[in-house]
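A.B. asks:
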Amino acid sequence: MIGKKVRNPGHSTTLRVRVQRLADYIDCPERGVPMDRAGDAHDAHDARSGRVERLADDAQRPEAGPTREKCIHAGARGFLATDRAARKVEMLGLAQVSAHSKDPIGHYVLSWQQGEQPTPAQVEEAVDLLLDEMELTGHQVFYGLHVDTDNVHLHVMVNRVHPTSRQVVQSNRGFDLEAVHRAVARIEHAQGWRREARGRYRMHADGALRREPYPEPQDGRPHRSGPHPPVRAGGAKSAERIAAEASAPWIRSAARWADAAQAPEPAESSEASDGVEPHAARNRYDAGKRNAARAVRERQQEERTRLNAAQRAQRSALVASEAGPAAPHAHDLRGFVAIVYDRRVDYRRAESASGWPSFVDRGREIVVRADRDPDAVRAALHLATQKWGRFRVEGDAAYQALCVRLAAEHGFPLGHPEPQAALQQARGPTARPSA
51 MIGKKVRNPG HSTTLRVRVQ RLADYIDCPE RGVPMDRAGD AHDAHDARSG
101 RVERLADDAQ RPEAGPTREK CIHAGARGFL ATDRAARKVE MLGLAQVSAH
151 SKDPIGHYVL SWQQGEQPTP AQVEEAVDLL LDEMELTGHQ VFYGLHVDTD
201 NVHLHVMVNR VHPTSRQVVQ SNRGFDLEAV HRAVARIEHA QGWRREARGR
251 YRMHADGALR REPYPEPQDG RPHRSGPHPP VRAGGAKSAE RIAAEASAPW
301 IRSAARWADA AQAPEPAESS EASDGVEPHA ARNRYDAGKR NAARAVRERQ
351 QEERTRLNAA QRAQRSALVA SEAGPAAPHA HDLRGFVAIV YDRRVDYRRA
401 ESASGWPSFV DRGREIVVRA DRDPDAVRAA LHLATQKWGR FRVEGDAAYQ
451 ALCVRLAAEH GFPLGHPEPQ AALQQARGPT ARPSA
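Numbering-wise (this note's numbering), the sequence shown opens with residue 51 and increments by one.
1) Just list the residues that DSSP pairs TYR397 with in beta bridges.
2) When you compare only the Cα positions, how much space is there between GLU290 and ARG334?
3) Please name the residue, chosen from ARG216, ALA337 and GLU246, that lies closest to GLU166 on a Cα-to-Cα basis.
4) So, helix, strand or coil for ALA126, using DSSP?
5) If I follow the unbroken beta strand (DSSP E) through SER161, where does it start and stop?
6) Assuming GLN190 contacts GLY257 under a Cβ cut-off of 8 Å, what Cβ separation, rounded to an integer in Å, is found between them?
7) Quick one, which of VAL390, SER402 and SER161 has its alpha-carbon nearest TRP243's?
8) Candidates ALA304, HIS196 and ALA126: which alpha carbon is nearest LYS120's?
9) Run the CB neighbour count on GLY194, radius 10 Å, all protein chains shown included, and call it buried at 16 or more, exposed below.
10) For the segment 196-216 against the segment 167-179, are there 3 or more C-beta pairs whose distance is under 8 Å?
11) Provide the residue span of the beta strand (DSSP E) that contains MET253, from first to last.
12) Where ASP392 and VAL454 are concerned, what is the direct C-alpha to C-alpha distance, given to the nearest angstrom?
13) What three-state label does DSSP hand LYS55 in the structure shown?
14) Evaluate GLY465 with the Cβ neighbour count: other Cβ atoms within 10 Å of its Cβ, from every protein chain shown; 16 or more gives buried, anything less gives exposed.
15) Distance, Cα to Cα, PRO213 vs GLY188?
16) Examine the ligand MN and report whether any of its heavy atoms sits within less than 6 Å of the Cβ of VAL191.
17) Would you identify the three-state DSSP class for ARG260, choosing helix, strand or coil?
18) In whole angstroms, what is the alpha-carbon distance linking ALA451 and ARG428?
19) Inspect the CB distances between the segment 151-159 and the segment 208-225 and report whether three or more fall short of 8 Å.
20) So, with DSSP's three-state summary, where would you put MET207?
21) Compute the Euclidean distance between the alpha carbons of THR132 and VAL139, then round it to the nearest angstrom.
22) Do ALA400 and VAL410 have their CB atoms nearer than 7 Å?
23) Would ARG347 be called buried (16 or more neighbouring beta carbons within 10 Å of its own) or exposed?
24) Determine the direct distance from the alpha carbon of ARG349 to that of GLN361, and round the result to whole angstroms.
25) Assuming LEU195 is part of the beta strand (DSSP E), what are its boundary residues?
26) Rounded to a whole number of angstroms, what is the C-alpha to C-alpha distance between ALA448 and ASP423?
27) For HIS150, which residues from the same chain have a beta carbon less than 7 Å from its beta carbon, with the 5 sequence-adjacent residues on both sides left out?
28) How about LEU181 and ILE237: do their beta carbons lie closer than 7 Å?
29) Excluding five sequence neighbours on each side, which residues of the same chain lie with their C-beta closer than 7 Å to the C-beta of LEU144?
30) Which of helix, strand or coil does DSSP assign to LEU452?
31) Helix, strand or coil: how does DSSP classify LEU383 here?
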């Protein structure tokens with residue numbers, strides 16, 4: 051038993067013309083009407099009307115063939131109307147509610163093997179299983195069992211627009227043909243039909259539905275969907291053939307587009323004939339480059355981690371040494387607390403950190419607020435020495451005199467010539483600057 055989806059390509063013909071010719075071909079196959087020729091242009095309303103009308107006619111209209119009847123069993127579900135014409139109008143009206151789907155009508159075919167023919171009860175059960183697997187139970191559906199070929203087959207026409215929510219249902223997240231294959235396996239198991247040799251799914255004894263691998267051909271050759279590219283001189287396969295053979299297994303096993311887009315890592319080929327395989331050599335070269343680059347990145351990361359740890363240890367030791375219990379020296383800044391405000395730094399007494407700053411570092415200058423406090427002026431001169439080396443002081447005579455005395459005591463360099471005489475006099479002929 052097989053299941054398939056009758057697609058609506060719509061390349062060069064309008065939807066209405068294509069569906070009409072397809073319906074005519076299905077309704078009267080002896081005419082052999084082509085299904086893909088271009089026709090006259092019609093509006094979207096007529097196109098959707100024609101698709102609903104023709105598919106419903108194809109599924110349920112009994113026609114007298116040369117030797118036997120075409121449709122031997124028909125049915126419909128999900129309608130409020132009771133007659134066939136009103137049901138088609140009802141399906142068309144619900145299909146037109148969808149603004150995001152131009153064609154919410156799905157057309158599927160279930161075909162039995164030669165010599166098999168289901169009873170009406172089995173047809174109803176097959177429709178139940180198909181709709182359940184496609185998550186379309188309760189939707190509007192027409193179906194008809196046809197016997198115009200050597201294989202009895204069931205046409206199912208379903209409206210994917212939900213009759214209550216008015217939303218278009220995507221069966222199996224868009225992989226509706228995969229859901230059809232699962233439904234075929236369930237129908238085969240429930241009704242005892244023969245399974246196709248290359249059936250995609252199988253219902254096992256434990257009730258689990260599992261995907262089956264394709265059977266290997268008798269001659270041991272791999273599966274081929276078409277002619278492979280020729281083997282190049284020297285026995286090397288072309289890149290197209292390697293890609294086709296490597297990607298076929300995971301493409302067959304993908305159940306969603308996201309799974310199909312994530313290709314596994316290519317395995318190195320073990321085939322070689324009459325010389326070195328160029329593609330295998332190229333793959334080994336690329337793999338070596340990737341491994342070397344990965345090793346360099348890991349080594350650099352280890353070096354960065356080790357350097358960061360050493361720097362953290364040095365900072366911790368420095369902070370611990372500065373935070374010791376020793377009393378602050380008169381010429382350093384440990385008696386003051388630095389508070390950063392955007393582009394300036396305020397230095398306040400450690401014992402009164404919430405009070406007014408003693409001096410402020412503005413980047414290019416240091417403003418001393420407590421200009422009569424020897425400790426604050428000494429700390430400001432020490433900071434200026436660390437920042438610039440040589441500097442000059444500005445202020446009234448008392449402030450400059452205090453700076454000269456502190457510079458003479460602690461060896462702070464004053465860069466302007468005005469207080470140099472007073473500085474030399476304060477230091478004396480044998481005075482040496484202290485650290």
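Just so it is clear, CB atoms sit at the ideal spot from N, CA and C, and this is done for glycine as well.
C.D. replies: On the basis of the coordinates in this document:
1) According to the DSSP secondary-structure assignment, TYR397 is paired through a beta bridge with ALA388 and PHE409.
2) Their backbone Cα atoms lie some 19 Å apart in a straight line.
3) Closest in alpha carbon position to GLU166, among ARG216, ALA337 and GLU246, is GLU246.
4) Looking at ALA126 - three-state DSSP - the assignment turns out to be strand.
5) Element bounds for SER161: 155-161.
6) With 8 Å as the limit, GLN190 and GLY257 do not qualify as a contact, their Cβ atoms being about 31 Å apart.
7) Nearest C-alpha to TRP243 among VAL390, SER402 and SER161: SER161.
8) Comparing Cα-Cα distances from LYS120 to each of ALA304, HIS196 and ALA126, the minimum goes to HIS196.
9) Per the 10 Å Cβ criterion, buried.
10) In short, these stretches touch, since the Cβ pair count reaches three.
11) MET253 -> beta strand (DSSP E) spans 251-253.
12) The alpha-carbon atoms of ASP392 and VAL454 are separated by roughly 32 Å.
13) In this structure, LYS55 counts as strand in the three-state DSSP scheme.
14) Exposed, by the Cβ-count rule.
15) Each residue's CA atom was taken as its position, placing PRO213 and GLY188 some 8 Å apart.
16) Absence of the ligand MN from the depicted structure is noted, as is the absence of any ligand whatsoever, leaving it without description.
17) Here DSSP, grouped into helix, strand and coil, assigns ARG260 to strand.
18) Distance between the alpha carbons of ALA451 and ARG428 is about 13 Å.
19) The segment 151-159 vs the segment 208-225: in contact.
20) Strand at MET207.
21) Their Cα atoms are separated by approximately 12 Å.
22) With contacts defined by Cβ atoms closer than 7 Å, ALA400 and VAL410 do not form a contacting pair.
23) Looking at its Cβ environment, which holds fewer than 16 other Cβ atoms inside 10 Å, ARG347 is exposed.
24) Just so you know, the alpha carbons of GLN361 and ARG349 end up roughly 18 Å apart.
25) Element bounds for LEU195: 191-196.
26) Going by the C-alpha atoms only, they are around 12 Å apart.
27) Exclusion of the five residues before and after HIS150 leaves VAL218 as the residues of its chain whose Cβ lies within less than 7 Å of its Cβ.
28) Against a cut-off of 7 Å, the Cβ pair of ILE237 and LEU181 comes out as no contact.
29) Excluding sequence neighbours, LEU144 sits near GLN190, ASN209, VAL211 and PRO213.
30) LEU452: helix per DSSP, three-state reduction.
31) Of the three classes helix, strand and coil, the one that applies to LEU383 here is coil, per DSSP.
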